[in-house]
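J.: For the sequence shown, the working numbering gives the first residue as 373, with consecutive numbering after it. Even glycine gets a Cβ: it sits at the ideal position worked out from N, Cα and C.
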Amino acid sequence: MQTFLPYADFRASAEVLDDRRLGKQRVETLQVMRALTLPGYGWQHHPVTAMWRGYRPALMAYQEATCRVWLDRGHVDTCLEKTLLDLGRVPEDLAAYERGDVPIPPWNDDEALHASHRSKLVQKAPEHYRALFPDAPDDLDYVWPGTPDAPGTRDAPGAPHAPGSTAAAVTPPGSTAHRRGA
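#1: Identify, in the order they occur along the chain, each residue of the same chain with its Cβ nearer than 6 Å to the Cβ of His-418, setting aside the five sequence neighbours on each side.
#2: With burial defined as no fewer than 16 other Cβ atoms inside 10 Å of the residue's Cβ, what is the status of Ala-467: buried or exposed?
#3: Here's a check: name, in chain order, each residue in its chain whose Cβ is nearer than 6 Å to the Cβ of Ala-384, leaving out the five neighbours to either side.
#4: Can you tell me whether Leu-516 is helix, strand or coil according to DSSP?
#5: Could you tell me the alpha carbon to alpha carbon distance between Cys-451 and Cys-439, rounded to whole angstroms?
#6: What number of angstroms, rounded off, separates the C-alpha of Asn-480 from the C-alpha of Ala-380?
#7: For Asp-465, tell me which candidate among Leu-394, Leu-389, Leu-408 and Trp-442 has the shortest Cα-Cα distance.
#8: Taking only three categories from DSSP, how would you classify Ala-555?
#9: Mapping DSSP to helix, strand and coil, what is Gly-395?
#10: Excluding the 5 residues preceding and the 5 following Pro-509 in the sequence, name in chain order all residues of the same chain whose CB lies nearer than 7 Å to its CB.
#11: Please check the pair Trp-516 and Met-423, which I expect to be a contact at CB under 8 Å, by giving their CB distance rounded to whole angstroms.
#12: Would you kindly work out how many angstroms separate the C-alpha atoms of Leu-456 and Tyr-514, rounded to a whole number?
#13: Which residue comes first and which comes last in the alpha helix (DSSP H) that contains Pro-477?
#14: Which of the three DSSP states is assigned to Trp-442 in this structure?
#15: Return yes when the Cβ of Arg-425 is within less than 7 Å of the Cβ of Leu-459, no when it is not.
#16: Please report the distance separating the alpha-carbon of Ala-386 from that of Val-448.
#17: Which two residues bound the contiguous alpha helix (DSSP H) that contains Arg-490?
#18: Whose C-alpha, out of Leu-512, Val-494, Pro-411 and Val-399, is nearest the C-alpha of Val-388?
This is the structure:
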């Protein structure tokens, strides 16, 4: 279970993934969104859920990027609309996403996170990723950002955002993936 981010830019991250991993990203991102919006859904305590806690609109932007690249490659997608419906369980997050107010998690600026994802991709499929990431070590563990749940940070519908998640929206450089329909 992972949302691969070899780069800070969501679309660039999606574009570099091989079809096998890109296809899985759509499903795993849907599962993470459900973990963040459906009380009792699985994956509640997984580190990938923790890293996106408080950043559902950004997770939706990531999903949009992965699904659009999947479609661009000629595949059929059923995950984008499902994820959008799940985001709709938290109306204020859906509204923020639709108007392009997508705060990006602060960990997205952490090069150690992106380096760990490049390393894991090289480990998983060196035949595809070694040429793309020639300087990436092949032995790094995942960097899992996120903070423990604090009072008022649960991710059930109607729950407030995690502390710090109301910061001004930041768009990854060169990305328009946070805009609906981009």
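T.: Inspection of the coordinates gives the following:
#1: Cβ neighbours of His-418 beyond the five flanking positions: Met-373.
#2: exposed
#3: Correct list: empty, nothing qualifies.
#4: Just to set this straight, residue 516 is Trp in the shown sequence, not Leu. Of the three classes helix, strand and coil, the one that applies to Trp-516 here is coil, per DSSP.
#5: 7 Å
#6: 6 Å
#7: Leu-408
#8: No answer is possible for residue 555: the residues shown for the chain start at 373 and end at 554.
#9: helix
#10: The beta carbon of Pro-509 is closer than 7 Å to those of Ser-491 in its chain, skipping five residues each way along the sequence.
#11: 6 Å
#12: 27 Å
#13: That residue, Pro-477, is in no alpha helix (DSSP H); it is neither H nor E in DSSP.
#14: In the three-state reduction of the DSSP assignment, Trp-442 falls in the helix class, which pools H, G and I.
#15: No, Cβ-Cβ distance for Leu-459 and Arg-425 is not below 7 Å.
#16: 16 Å
#17: Segment 483-496, the alpha helix (DSSP H) holding Arg-490.
#18: Val-494
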